[in-house]
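Notes follow once the structure below has been shown.
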Amino acid sequence: SGSRLINGSLDIHFKLEEALAQFVGKEAACIFTTGYQTNQGAIVPLIKKGDYIISDTENHASIIQGILIAKGLCGDSILVKFNHNDMADLEQKISNLPYDAGKLIVVDGVFSMNGHITPLSQIVAIAHKYNARIMVDDAHALGVIGIGGRGTASHFNLTNETDIIMGTFSKSLASSGGFIASSERVINYIKHHAPAIIFNASMPASNAAAALKALEIIQKEPERIEKLHYNAQQLRSGLTQLGFNVLTGQTPIIPVLIGDDFMTFTLWKKLFDYGVYSNPIIFPATPHGQQLIRLSVMATHSDEHIDYVISMFEKAGVELKLLHTVV
55 SGSRLINGSL DIHFKLEEAL AQFVGKEAAC IFTTGYQTNQ GAIVPLIKKG
105 DYIISDTENH ASIIQGILIA KGLCGDSILV KFNHNDMADL EQKISNLPYD
155 AGKLIVVDGV FSMNGHITPL SQIVAIAHKY NARIMVDDAH ALGVIGIGGR
205 GTASHFNLTN ETDIIMGTFS KSLASSGGFI ASSERVINYI KHHAPAIIFN
255 ASMPASNAAA ALKALEIIQK EPERIEKLHY NAQQLRSGLT QLGFNVLTGQ
305 TPIIPVLIGD DFMTFTLWKK LFDYGVYSNP IIFPATPHGQ QLIRLSVMAT
355 HSDEHIDYVI SMFEKAGVEL KLLHTVV
């Protein structure tokens with residue numbers, strides 16, 4: 055395989071791009087070899103000298119990396135951060151920027167560490183008021199929220215108002231890679247100006263075929279999404295009833311707040327030894343004092359799986375005396 059612009063484009067790439075664009079309700083899409091490169095690769099060519107990117111403080115690292123590269127190329131202080139999901143802070147920050155300057159608000163649709171859904175309705179209102187565009191990273195939203203799993207914009211019925219939608223294949227699409235969907239004009243521009251596309255080998259055909267098949271399954275078997283949310287609710291409820299501090303949310307990302315590095319890793323190790331796979335999350339992936347165990351539920355988990363996880367959390371919690379200290 056070679057660069058998409060030379061000899062790396064295959065029929066399966068075009069089929070996948072067309073299917074993705076149709077699925078999320080945009081005119082066109084372009085795929086990238088990895089999800090990380092998708093955010094980084096799309097942001098860099100879109101930002102020019104005098105433009106601004108307004109970014110949530112808990113956005114994906116790939117978004118921040120793309121912004122930093124763009125900042126280095128532009129030579130301006132283009133990055134404006136606002137507090138996580140804080141719409142008052144977003145409006146205060148964006149109101150201080152030149153009205154006629156190019157402005158791109160970038161947010162995760164579903165945040166990876168805590169499962170929060172971005173308040174897109176409020177973001178759209180602010181963007182319209184201050185002449186800004188919107189890019190939503192749907193890495194953790196695609197196949198999870200929205201009509202038929204179409205993501206955050208669909209969840210809020212704001213597909214037309216969301217200028218750029220990003221997604222990855224390594225979550226609900228069971229593959230590797232990512233995509234950007236937008237107007238045909240924007241996608242054509244990215245395809246011909248993003249170094250991550252121009253100077254990179256194209257996605258392996260096997261990855262593209264796997265993602266395309268997974269996308270078909272999502273559309274043909276909507277009951278999987280229903281089961282996904284059922285499983286998430288059962289696990290969230292069970293852990294909360296035990297006395298763990300489970301952060302509120304509407305997604306299958308279930309964060310159990312611990313608040314200490316050592317105890318987070320100790321609990322993670324016990325759960326691992328008991329056959330429960332989880333993610334220990336500490337700074338810088340989450341703020342100090344917000345250390346947590348992250349659980350990610352799947353549609354294929356059975357009731358027995360969920361019950362087992364709850365029972366092992368109870369066992370580990372009693373052994374570590376966490377159930378007496380976590381409120």
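According to the working numbering, the stretch in the sequence shown is residues 55 to 381, in order.
Note that CB positions come from ideal geometry on N, CA and C, so glycine has one too.
So the beta strand (DSSP E) residue i belongs to, where does it begin and stop?
i	result
Ser332	Neither: Ser332 is in no beta strand (DSSP E) and is coded neither H nor E.
Leu311	Ile307 to Leu311
Does DSSP classify residue i as helix, strand or coil?
i	result
Thr172	coil
Ala83	strand
Phe165	coil
Gly78	Residue 78 is actually Val in this sequence, not Gly. Residue state, collapsed to three classes: helix.
Lys102	coil
Ile188	strand
Thr379	With a pLDDT of 48 at Thr379, under the threshold of 50, the modelled position of that residue is not reliable, and no figure is offered here.
Val300	strand
Ser149	helix
Ala195	coil
Ala73	helix
Ala48	Missing from the structure shown is residue 48; the chain here goes from 55 to 381 and no further.
Thr92	helix
Ala250	helix
Met352	coil
Leu227	coil
Thr340	coil
Leu64	coil
Gly200	coil
So residue i is in the alpha helix (DSSP H); what residue range does that whole segment cover?
i	result
Arg239	Glu238 to His247
Leu293	Glu277 to Leu296
Ser365	Asp357 to Glu373
Glu215	Run containing Glu215: none; DSSP gives neither H nor E here.
Ala264	Ala259 to Lys274
Asp154	Taken as a continuous stretch (DSSP letters only), Asp154 belongs to no alpha helix (DSSP H), as it is neither H nor E.
Ala207	Thr206 to His209
By DSSP's criteria, residue i is part of a beta bridge. Which residues make up the other side?
i	result
Thr222	Gly232
Phe136	Asp110
Leu346	Leu311 and Ile335
Val160	Ser109 and Met189
Ser57	Ala255
Below 8 Å, can you find three or more Cβ-Cβ pairs linking the segment 301 to 310 to the segment 164 to 177?
-> yes
Going along the chain, which unbroken runs of the beta strand (DSSP E) with 3 or more residues stay wholly within the segment 106 to 132?
-> 106 to 110
Does the count of Cβ pairs from the segment 134 to 144 and the segment 99 to 117 closer than 8 Å reach three?
-> yes
Three or more C-beta pairs closer than 8 Å, one from the segment 175 to 191 and one from the segment 316 to 333: is that the case here?
-> no
Three or more C-beta pairs below 8 Å linking the segment 235 to 245 and the segment 72 to 82 = yes
Determine contact between the segment 91 to 108 and the segment 244 to 253, defined as no fewer than three beta-carbon pairs at a distance below 8 Å.
-> yes
Could you tell me whether the segment 88 to 97 touches the segment 308 to 318, using the rule of 3 or more Cβ pairs below 8 Å?
-> no
Could you tell me whether the segment 197 to 205 touches the segment 122 to 129, using the rule of 3 or more Cβ pairs below 8 Å?
-> Fewer than three Cβ pairs drawn from the segment 197 to 205 and the segment 122 to 129 lie within less than 8 Å of each other, which leaves the two stretches out of contact.
Take every Cβ of the segment 290 to 300, pair it with every Cβ of the segment 265 to 278, and state whether three or more of those distances are shorter than 8 Å.
-> no
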